[in-house]
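From first to last, the protein sequence lines are chains A and B.
Residue numbering for the first sequence follows our numbering, starting at 1 and increasing by one per position.
Residue numbering for the second sequence follows our numbering, starting at 1001 and increasing by one per position.
Don't be surprised by glycine CBs; every beta carbon is placed ideally from N, CA and C.
Just so we're clear, the structure is a prediction, and the values are computed from it rather than from any experiment.
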Amino acid sequence: MAVLNEEQTMLRDAAKSWVQEKSPVTAFRKMRDSGVELGYDANAWNEMAEMGWAGVIIPEEYGGSDFGYLSMGLILEETGRTLTASPLLTSALASASALVLGGSDAQKSEWLPKIAGGEVVGALAIDEGAHHAPAKVALKAEKAGAGYKLSGSKSFVLEGMAAGLLIVSARTSGKPGDTDGITLFLVAGDAKGVSRKRLHLADSRGAANITFDGVEVGADAVLGEVDKGHALLEKTLDRARAGLCAEMLGSAVQAFEVTLDYLKVRVQFGQVIGSFQALQHRAAKMFTDLELARSAVEAALQAIDADTPDVPELVSLAKAKMGDVFHLVSNEMVQMHGGIGMTDAHDAGFYMKRARAAEAAFGNQGYHRDRYARIQGY
Amino acid sequence: MADFGGSDLDAFRTEARDWIEANFPKSLKGKGSMMMREERSEPTPDMDAWRKAMGEKGWGVPTWPAQYGGGGLTPAEGRIIQQELGRVGAYNPIGGMGVMMFGPTLLEYGTEAQKQQHIPAIVKGELQWCQGFSEPGAGSDLASLQTRAEDKGDHYIVNGQKIWTSGAQWAQWCFCLVRTDTTKKHEGISFVLFPMDVPGVEVRPIPLIAGNSPFCETFLTDVRVEKDQVVGPVNGGWTVAKRLLQHERSGLSGAGGGGGFGGRSLVKLAKDYVGADEAGRLADTDLRTRVIMNEIDGRAFQLTAMRAMAESKSNSGPSAATSIMKNAGTRWMQDRAELTIELMGHQGLGWEGDDFTPEELGAVRSWLGGKATTIYGGSQEVQNNIISKRILGLPDPK
């Protein structure tokens, strides 16, 4: 665990006790069973926003606390422990980051206070296929009068059902795959021509496919510069990835601890199975890998706070490592629980499903290993 | 930690910089890591002078107490010395087992007379210590050791055989585990010291797969050990030994030193030997993936070492991360050594001769020699047992 200041320690402790009291895994199970369209519990999200969590990375002048990314990571780690579904990552971290990094004063004034208060949920509408590929943008934005007209579709938009603000990557020149010619737009969720279809994924979160059918926006909807949106998008994505890594770390640590507890109580062959060296050494390996992953995740969040130039490589390092470790731990959770781990009544399946969805989000391990190497020049 | 304010540390930095400037022979610049790798070579006059200067100053062991010749400095000042040495390409000439393992243990468990007798020579780098722990029948299960010490009133007579005694052929003194009670296992072990030139000590170097002989077999026949050379209580040596092994592990994980075998980066080597495509990517995509994974593991390991250091500095107690360092560090270095010879192809299998570069010959030796790192200092499996039991609280089998 990184060395924390007093503020961060208080925030972490508050998150820990809220999650334990108000949002245990049973709350996630209830949400899943209810089939709620948003993919999260709106009341719980209101409580989180009331505690100020939606404003942690937002400057004070826009209604936030400006505590930074490591602080946000601490909350996400705690909510990740119990698989708490909420727009914290997509809205309060990712969408807020895009606005803080690239927004005009008017855009920030319009949207950030609402995001900080939890009144509006922001979402990134960026990918257009099954694999994360931020430059593969075909959705077109054509000049229309003083503004633009957006046509195309976006897939697997996280919190896409809840989004009142969509941050859309669109092509204003060039062809899919080019990094030049991408422009980011702020589109209200209720804009004419926006339609969404809920996606039912294994992790039961609120994802959607969103179609933009000639959606008209003003020139003031452009976030950052026309044709130069890719760099801003990557900066935003790196923050989202680091935040997701913190959430994955929490989930993986919890999955490991639950498994470890089980190894200490399950009796077979007349002794607890945790006394078997075959299982002990696998547990030791998981512990080792979790410690390594924690270092990478915390270093990425700290680099973002310090605004150092190695943010992209540290983020890819963290996402690659954390993805591998969560993958391993979630598989071992099911395997070491045996038959009970295969039942829907047990939580192990939730962790394994969430692991794969989180691995795929914002680039899987293969994506980030390749990116890490490219940044390093090989 | 009693840290100084910034200005005091700045003043100390200036003092350290000036002293190093005045005493470090320029001819030795950048020679540190090279010397570490060479098994044993005659020191040059400059090397001797530098060792003497650092030894007299006590800065080779900056945080050891000044009353025994150590630097008597704070950890913050110690780090400044390290930084200032690094800044001018100077190395710390005071090292070896005495510094890394035995000295810190003796400072904790030794009597005043023992500390007065042994610590100053370690501080000055004047004599070498070797470790008489393992035996042919006591490897990972170290506490099953059989070397017997018989009580003869004012002294002991020791008989037995030690193995993997690192540097025994060069050492002047040995710290050794002996059995003083045969009726108990852990509680029958004592930690004793004796000079290597007493009658009855015979040393035979063991040729290893890498072609060198850093370890020895040591035969002890009626060796006399004085009673004032027992460290800690009689039959209480296991506690002392465990402490010493902790020092050994933190030194071996690479967390204490530079880690790895230096030289060119894996990526640079891969580009030279395997080539890159027009986009600059390693041409062999399978190898590229494995190089990436090793680079990522190495970086995560280094970040963990930094995190563990930050945590221990912040007074929040010892970091859980330290327990994983040996396995994580050695696993990464062994993978790296395997990748190195693989990407060199047959050139990476050269044993000797001028058909191979020194780098290629070094890669083979490092690959082979490095296999020991997951065996000694508590094997990988013993480390996993320690994590399972002490950190994770998993029980012993019935």
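Start and end residues, alpha helix (DSSP H) containing residue i
i: residue 1091(B); result: Careful: residue 1091(B) lies outside any alpha helix (DSSP H) and carries neither H nor E.
i: residue 239(A); result: 229–265
i: residue 955(B); result: Nothing about residue 955(B) can be reported from this structure: the residues present for chain B run from 1001 to 1398 only.
i: residue 1366(B); result: 1358–1369
i: residue 1304(B); result: 1285–1313
i: residue 109(A); result: 105–116
i: residue 1119(B); result: 1112–1123
Three-state secondary structure (DSSP) of residue i
i: residue 3(A); result: coil
i: residue 1128(B); result: coil
i: residue 287(A); result: helix
i: residue 170(A); result: strand
i: residue 1323(B); result: helix
i: residue 1099(B); result: helix
i: residue 1050(B); result: helix
i: residue 358(A); result: helix
i: residue 1231(B); result: strand
i: residue 385(A); result: For residue 385(A) there is no data in the structure shown, the boundaries of chain A being 1 and 378.
i: residue 378(A); result: coil
i: residue 226(A); result: coil
i: residue 371(A); result: helix
i: residue 401(A); result: Residue 401(A) is absent from the model: chain A starts at 1 and stops at 378.
i: residue 1160(B); result: strand
i: residue 350(A); result: helix
i: residue 131(A); result: coil
i: residue 183(A); result: strand
i: residue 269(A); result: coil
i: residue 1179(B); result: strand
i: residue 1045(B); result: helix
Residue interval of the beta strand (DSSP E) (run including residue i)
i: residue 143(A); result: 140–144
i: residue 1195(B); result: 1189–1195
i: residue 195(A); result: 194–199
i: residue 1218(B); result: 1215–1226
i: residue 211(A); result: 207–217
i: residue 84(A); result: From DSSP, residue 84(A) is part of no beta strand (DSSP E); its letter is neither H nor E.
i: residue 60(A); result: No beta strand (DSSP E) contains residue 60(A), which DSSP labels as neither H nor E.
i: residue 94(A); result: It is not in any beta strand (DSSP E) - residue 94(A) carries neither H nor E in the DSSP assignment.
i: residue 1068(B); result: Segment: none, residue 1068(B) is in no beta strand (DSSP E) and carries neither H nor E.
i: residue 379(A); result: The structure shown does not extend to residue 379(A), since chain A is modelled only from 1 to 378, so the question has no answer here.
i: residue 67(A); result: Residue 67(A) -> no beta strand (DSSP E), and no H or E assigned at all.
i: residue 1268(B); result: Careful: residue 1268(B) lies outside any beta strand (DSSP E), inside the alpha helix (DSSP H) at 1266–1274.
Under 9 Å by beta carbon: chain B residues contacting residue i
i: residue 275(A); result: 1394, 1395, 1396, 1397, 1398
Neighbourhood of residue i by C-beta, 7 Å cutoff - its chain only, sequence neighbours within 5 removed
i: residue 369(A); result: 320
i: residue 1115(B); result: 1068, 1106, 1107
i: residue 197(A); result: 208, 209
i: residue 1370(B); result: 1333, 1334, 1337
i: residue 1351(B); result: 1364
i: residue 38(A); result: 161, 162, 206
Cutoff 8 Å; reference residue i; Cβ partners in own chain excluding five residues on either side
i: residue 1086(B); result: none
i: residue 1143(B); result: 1185, 1186, 1189, 1238
i: residue 132(A); result: 360, 361, 362, 363, 364, 367
Neighbourhood of residue i by C-beta, 6 Å cutoff - its chain only, sequence neighbours within 5 removed
i: residue 1013(B); result: 1080
i: residue 329(A); result: 252, 255, 256, 286
i: residue 59(A); result: 66
i: residue 371(A); result: 316
i: residue 1192(B); result: 1176, 1178, 1225, 1229, 1230
Contacts of residue i in chain A (Cβ-Cβ under 7 Å)
i: residue 1344(B); result: Chain A residues near residue 1344(B): none, gap ~17 Å exceeds 7 Å.
i: residue 1271(B); result: 378
Where residue i meets chain A, residues with beta-carbon distance less than 9 Å
i: residue 1311(B); result: 1, 2, 3
i: residue 1304(B); result: 291, 292, 294, 295, 296
Partner residues on chain B for residue i, Cβ-Cβ distance less than 8 Å
i: residue 270(A); result: 1398
i: residue 376(A); result: 1267, 1295
Partners in chain A for residue i, counting only beta-carbon separations shorter than 8 Å
i: residue 1235(B); result: Neighbours of residue 1235(B) on chain A: none; closest Cβ ~29 Å, over 8 Å.
i: residue 1288(B); result: 373, 378
i: residue 1281(B); result: 373, 374, 378
Cross-chain neighbours of residue i in chain B, by beta carbon under 7 Å
i: residue 321(A); result: 1296, 1300
Assess, as a yes-or-no matter, whether the region 55–74 of chain A is touched by the region 27–46 of chain A under the definition of 3 or more beta carbon pairs within less than 8 Å. no
The region 148–164 of chain A in contact with the region 112–131 of chain A per 3-pair CB rule at 8 Å: yes
Segment contact flag, the region 1297–1305 of chain B with the region 282–299 of chain A, C-beta cutoff 8 Å, min 3 pairs: With the cut-off at 8 Å, the region 1297–1305 of chain B and the region 282–299 of chain A touch.
Taking 8 Å as the threshold, find out whether the region 1356–1374 of chain B comes into contact with the region 1200–1214 of chain B through three or more Cβ pairs. The region 1356–1374 of chain B is in contact with the region 1200–1214 of chain B.
Quick check: the region 214–222 of chain A against the region 263–277 of chain A, are there 3 or more CB pairs under 8 Å? no
Within the chosen definition, does the region 1325–1332 of chain B reach the region 1353–1363 of chain B through at least 3 CB pairs nearer than 8 Å? no
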